[in-house]
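Undergrad:
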Amino acid sequence: MENLQIVGQRIPKIDALDKVTGRAKYIQDVKIPGMLYGKILYSKYAHAQIVHIDTSKAEKLTGVRAVLTGDQIPPVKFGFFKDNSPLKAGKVRSYRDEVAVVAATDPDIALEALDLIEVTYSPLPGVFDPEEAMKEGAPLIHEGNKNNVLKLPWKLICGDVEEARKASDFIAQDRFKVTWVTHCCMGTSGCIADFDLRNNLTFYSTTQIPSLAQKDFLEFLKGLGLPNSKVRIIQTSIGGGFGSKLDTYAFEYLAILLAQKTRQPVKMLFDRKEEFTATSTRQPAIIDISQGCTKGGKLTFRDITMILDNGAYTSWGATTPSVMMMPISSLYKVPNVRYIAKCVYTNNTYSQAMRGYGNPQATFAIESQIDGLAEQAGIDPFEFRQINCNEPGEVSPQGYKIGTCGLKECLNAVSQELGWKEKKGQGKKRGVGLASLIHVGGGARVYKSDGCGTIIKMDDYGWVDVITGATEIGQGSDTVIAQIVAEELGVRIEDVNIVNNDTDVCPWDVGVHASRTTFVAGNSARGAALKIKEQILNLAAPALEAEVKDLELKDRKVLVKGSPDRFLPLDKVLRKAHYSNQGQMLMADYFYDPENENLDRDFKGNLSMAYAYGAHGVEVEVDEGTGKVKILNYVAAHDVGRAINPMLLEGQVYGGVTMGVGYALTEQLILNKGEIMNPNFRDYKMLTCKDRIPIKAIVVETDEPSGPFGAKGIGEPGCVPTAPAIANAIYDAIGVRIKDLPITPEKIVAALKQKKGA
Amino acid sequence: MQLNGHPLETQVEPHWTLLEFLRDHLGLTGTKEGCGGGECGACTVLVNGKAVNSCLFPVLEAQGSQVFTVEGLMSPEGTLHPLQEAFINHGAVQCGFCTPGMLLSAKALLDENPHPTEEDIRSALAGNFCRCTGYAQIVQAVQSLGVYEEKTVSVMPRGEEE
């Protein structure tokens, strides 16, 4: 590969300077003159008729500028299924249902006003278990529907599972359960809506999808009778994303409604309790899975049916089966696959995207069971995975064209680093476990476009403005994009200014999801950089008396290759172009849309340009008395194509694994008849600094031809195989298999008791 | 009180927290509110050298005290504090919302114990939550500033060695 100067370096994150000095402005920190504060009144019941709302006392409170209820707003719907509305009229379907909203001059006054709103409910029977909700006669969540099952056709059939089942020598059959967990962004959700006198909306936001949010809000304004209003989204610094800002939400629509009504800017800011109770979770699921293999350990089929608790409304959680299909069809070579998923309305909280988007759930079931199947076949789990390992160049049953694939290298690296052979079955309540992953690594065509645009302009001094559609949520897209551009243009990282937060300026991008930003926005930035590079070389060639093909950009110079004394300073070339007759400023734009495919009606197609693979291995020690699991060693090997910035990449792996360990062992939102019982950090157990996990991140580079400088995505994979790797290690240590997450000490002690009793 | 080394005299409402005072009345928004309940540490500031959750700390209690926030970390000449440098250079910052509080907890530790072990660091930062980093690079950043005792084991998050 070429001799790279900046790509591949451990360059500090560009915005870190503002963040360590307290200068970075988050939504919490933004104030606009005349700004009002909105607060939401939520339902007191999981399921009830709203009989009457009296807002008169609240309206009279000094400082209150507006009070709205569901009956007072146009009947506009939002969400993937258009089954949600900013304020509920007539009926509430979950505890997080918005019943009324207040705008006041001070947040405390707004809260006081909420206490003065009197709502009379008539409670209805609720349903909180998706299997119960599927039964005949179950309370209907959305009147007008025949039953609670969503009309979503999640069904993938590849080959003939029934024939393969008959031909299998070993078959494993299990039921796994995964529950609600939540993003726990350290910065809570918020926004500011501000209309100008022409009814154009400026919306300060922490969204992960500026272009799609703009579209949602335009549609909403149309519903409010404002078809000619424009929407400008300005993103502040974002205090964590992880999928939690991948949709548009009631609180955002309420800010818009209040701003429209009061003609003043309105800020909505969640407190921590709201962040737990009124943002959407990871998708919970009940997973029935069977897999078979031959005596030699070759997988013959994988058969999965799933029931997803959709909650009361529909966001992206209901579409996670489209991503679950990825590991189900394409993790290891498995010729026959059947997957059927049903999403069912209940009176619980509704779920959405969260790092991995269904993949951690499906991989937990698949990889836990692979160990069970390997045991039946009498084959070491590491060997079993090697036998079925994906390889470069294969086409998976779902139609994924696997290009680069470093799974074998990842498995080998993990086995070696962990000391698999020596540690497996070592006894002393210690055990090791493995699990692998596949994820999209080259974008994911889940929307009509998977594109991202970039504009680059250069000034008289050789400085570079890169205006990108990509969103920065802490993952480091600002830095990675700057590295790619600096590399191509032969400038320093500090010469590059990234503009990435304003839809009035930035080109379209589908959003920061699917681990796609380094790949898609990186390719887009590189495309624009190559265009502007060509312009520069063309300008410099005559002056250097050289052919364009013999020139290169390096050290802020245009150089004749091989003749170090023949060069022009870059800024001089730019000034000469600018200040000559009919001068020119250098600008270039590039829109990159990967050649990946939307899944067809049968859910087949090449969803991504490249696939990211990885393997995790973990050694645990289990205290049989208390059920406590201690992680002694954790190895995470990832095929990333190429590490553009190893330091930021390792940060993604450490963060992903830690979130995955929480998913495996400690985290759960506890719902009691639809009510979240632990909406705080004391009772929701996110890992802290004290929970030391010794993680070794191993980077496997396979140099993906379609990636920018060979890179594939890495944002999500770190938390995908964590839970099954840990579950497998626990089994190796103490011989009990926990099939529902999180694997709490209580569950371990109970399982041990049952094992001893049996 | 002395705020970031400067004397400050002003009227306050008795019900204000130190966090409210700093953010809403002085416009020092570097200190963040993550939970408002003393659980997450995002609002950590130093009062007389001790790390406190400013969201729970009544502003009146700070009367006559030395209060130190993230805005005071940089030297008046504009040089970054070594902890700020270390956080930047070790990848300890992602979304950055926990960073100001994390820096001040780390400062309180190093001021009292310039040679902390990994265990000391992890204890000192246990009240500061971070969802992005998995803490590895944060611990590494703090470690990079101290000299370690021989007995400290595996102080580097593995895989971080350059």
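Read top to bottom, the protein sequences are chains A and B. Quick note: the first sequence uses the working numbering, first residue 1, plus one each step. Quick note: the second sequence uses the working numbering, first residue 1001, plus one each step. Yeah, the Cβ is synthetic: ideal placement off N, Cα and C, and Gly gets one too. This structure is a prediction, so every number in the text was calculated from the model and none was measured.
Interface residues of chain B around A/Gln475 at Cβ under 9 angstroms?
TA: Those are Gln1094, Cys1095, Cys1132, listed as they occur along chain B.
Undergrad: How would you list, in chain order, the residues of chain A whose beta-carbon sits under 7 angstroms from the beta-carbon of B/Pro1100?
TA: Gly22, listed in chain order.
Undergrad: So, is A/Met647 buried or exposed, given that buried needs 16 or more other C-beta atoms within 10 angstroms?
TA: Burial call: buried.
Undergrad: Does the Cβ-Cβ distance between A/His616 and A/Ala353 come in under 8 angstroms?
TA: Going by C-beta atoms, A/His616 is not nearer than 8 angstroms to A/Ala353.
Undergrad: Out of curiosity, what's the CA-to-CA distance linking B/Val1155 and B/Gln1140?
TA: With a pLDDT of 39 at B/Val1155, under the threshold of 50, the modelled position of that residue is not reliable, and the figure given next carries that caveat. Between B/Val1155 and B/Gln1140, the C-alpha separation is close to 8 angstroms.
Undergrad: Nearest to A/Arg516 by alpha carbon, out of A/Ala341, A/Gly451, A/Thr179?
TA: Answer by Cα proximity: A/Gly451.
Undergrad: What are the residues of the region 1115-1129 of chain B that lie near chain A, defined by any Cβ-Cβ distance shorter than 9 angstroms?
TA: Those residues of the region 1115-1129 of chain B that come within reach of chain A (Cβ to Cβ, closer than 9 angstroms) are Glu1118, Glu1119, Ile1121, Arg1122, Ser1123, Ala1124, Leu1125, Ala1126, Gly1127, Asn1128, Phe1129.
Undergrad: So, is the C-beta of B/Met1001 closer than 8 angstroms to a C-beta in chain A?
TA: It does not: the Cβ of B/Met1001 has no partner Cβ on chain A nearer than 8 angstroms.
Undergrad: Given this structure, state the Cα-to-Cα distance separating A/Ile304 from A/Phe364, to the nearest angstrom.
TA: Approximately 13 angstroms, taken between the alpha carbons.
Undergrad: Pick out whichever of A/Gly403, A/Ala525, A/Gln483, A/Asp459 has its Cα sitting closest to the Cα of A/Thr468.
TA: Taking only the C-alpha atoms, the option nearest A/Thr468 is A/Ala525.
Undergrad: From which residue to which residue does the alpha helix (DSSP H) around A/Asn728 run?
TA: First-last of the alpha helix (DSSP H) with A/Asn728: 722-734.
Undergrad: Tell me which residues share the same chain as A/Ile748 and place their Cβ nearer than 6 angstroms to its Cβ, disregarding the 5 neighbours each side in the sequence.
TA: Once the five neighbours on either side are set aside, the close Cβ partners of A/Ile748 are Gly627.
Undergrad: Could you check how far apart the C-beta atoms of A/Leu559 and A/Phe567 are, in whole angstroms? I think they sit under 8 angstroms.
TA: Yes, A/Leu559 and A/Phe567 are in contact; Cβ-Cβ is about 4 angstroms, under 8 angstroms.
Undergrad: With a 10 Å radius around its C-beta and 16 neighbouring C-beta atoms as the bar for buried, classify B/Leu1008 as buried or exposed.
TA: It counts as exposed.
Undergrad: Does any residue of chain A bring its CB to less than 8 angstroms from the CB of B/Val1070?
TA: Taking Cβ atoms only, chain A reaches closer than 8 angstroms to B/Val1070, which makes this a yes.
Undergrad: Which two residues bound the contiguous alpha helix (DSSP H) that contains B/Ser1123?
TA: Residues 1118-1124.
Undergrad: Is it right to say B/Glu1160 is buried, meaning 16 or more other beta carbons lie within 10 angstroms of its own, or is it exposed?
TA: The predicted position of B/Glu1160 is uncertain, since its pLDDT is 40 and thus under 50; a value taken from the coordinates is nonetheless stated next. The residue in question, B/Glu1160, is buried, as its Cβ has 16 or more Cβ neighbours within 10 Å.
Undergrad: If I follow the unbroken alpha helix (DSSP H) through A/Cys410, where does it start and stop?
TA: First-last of the alpha helix (DSSP H) with A/Cys410: 407-418.
Undergrad: In this structure, how does DSSP classify A/Glu367 when only helix, strand and coil are distinguished?
TA: In this structure, A/Glu367 counts as helix in the three-state DSSP scheme.
Undergrad: Spell out the partners DSSP gives A/Arg338 in its beta bridges.
TA: Partner(s): A/Ile157, A/Asp303.
Undergrad: Which runs of the alpha helix (DSSP H) spanning at least 4 residues fall entirely within the region 641-697 of chain A, listed in chain order?
TA: For the region 641-697 of chain A, whole alpha helix (DSSP H) runs of length 4 or above, ordered along the chain, are 646-661.
Undergrad: Would the beta-carbon of A/Ser415 fall within 8 angstroms of that of A/Phe382?
TA: For A/Ser415 and A/Phe382, yes; Cβs fall inside 8 angstroms.
Undergrad: Checking 8 angstroms against the spacing of the C-beta atoms, do A/Ile776 and A/Ala521 come in under that value?
TA: Nothing can be reported for residue 776 of chain A, as the shown portion of chain A is limited to 1 through 758.
Undergrad: With DSSP as the reference, identify every bridge partner of A/Lys630, one or two as the case may be.
TA: Beta-bridge pairing links A/Lys630 to A/Glu621.
Undergrad: Beta-carbon within less than 6 angstroms of A/Ile238's beta-carbon, same chain only, minus the 5 sequence neighbours each way: which residues are those?
TA: Excluding positions up to five away in sequence, the list reads Thr206, Ile473.
Undergrad: Could you check the C-alpha separation between A/Tyr663 and A/Arg556 for me, to the nearest Å?
TA: Those two C-alpha atoms are separated by around 47 angstroms.
Undergrad: Ordered along the chain, which non-local residues of its own chain (more than five positions away) have a Cβ less than 7 angstroms from that of A/Ala362?
TA: Closer than 7 angstroms at the Cβ level, and outside the excluded window around A/Ala362, lie Met324, Pro327, Ile328.
Undergrad: Tell me which same chain residues have a C-beta within less than 7 angstroms of the C-beta of B/Leu1028, skipping the five on either side of it?
TA: So the qualifying residues of the chain are Leu1022, Thr1069, Glu1071.
Undergrad: Roughly how many whole angstroms lie between the Cα atoms of A/Ala255 and A/Lys151?
TA: Rounded to the nearest angstrom, the two C-alpha atoms are 31 angstroms apart.
Undergrad: Can you tell which of A/Ala725, A/Ile695, A/Pro542 has the C-alpha that lies nearest to the C-alpha of B/Gly1134?
TA: Checked all of A/Ala725, A/Ile695, A/Pro542; the closest Cα to B/Gly1134 is A/Ile695.
Undergrad: Using beta-carbon positions only, say whether A/Phe78 and A/Asp216 come within less than 8 angstroms of one another.
TA: A contact, by the Cβ cut-off of 8 angstroms.
Undergrad: Looking at the strands, I want to know which residues DSSP matches up with A/Leu36.
TA: DSSP, once it has assigned bridges, lists A/Val266 as partnering A/Leu36.
Undergrad: Given that B/Lys1032 touches chain A, what residues does it touch there, using C-beta distances under 9 angstroms?
TA: Chain A residues near B/Lys1032: Gly22, Tyr26, Gln28, Asp29, Met186, Gly187, Gly239.
Undergrad: Roughly how many angstroms separate the alpha carbons of A/Asn147 and A/Asn310, rounded to a whole number?
TA: One C-alpha to the other measures close to 13 angstroms.
Undergrad: Going along chain A, which residues have a C-beta under 7 angstroms from B/Asn1089?
TA: What B/Asn1089 touches in chain A: Pro12.
Undergrad: Go to A/Pro564, then tell me how far its beta strand (DSSP E) extends in each direction, as first and last residue.
TA: 563-569 is the span of the beta strand (DSSP E), which, as asked, contains A/Pro564.
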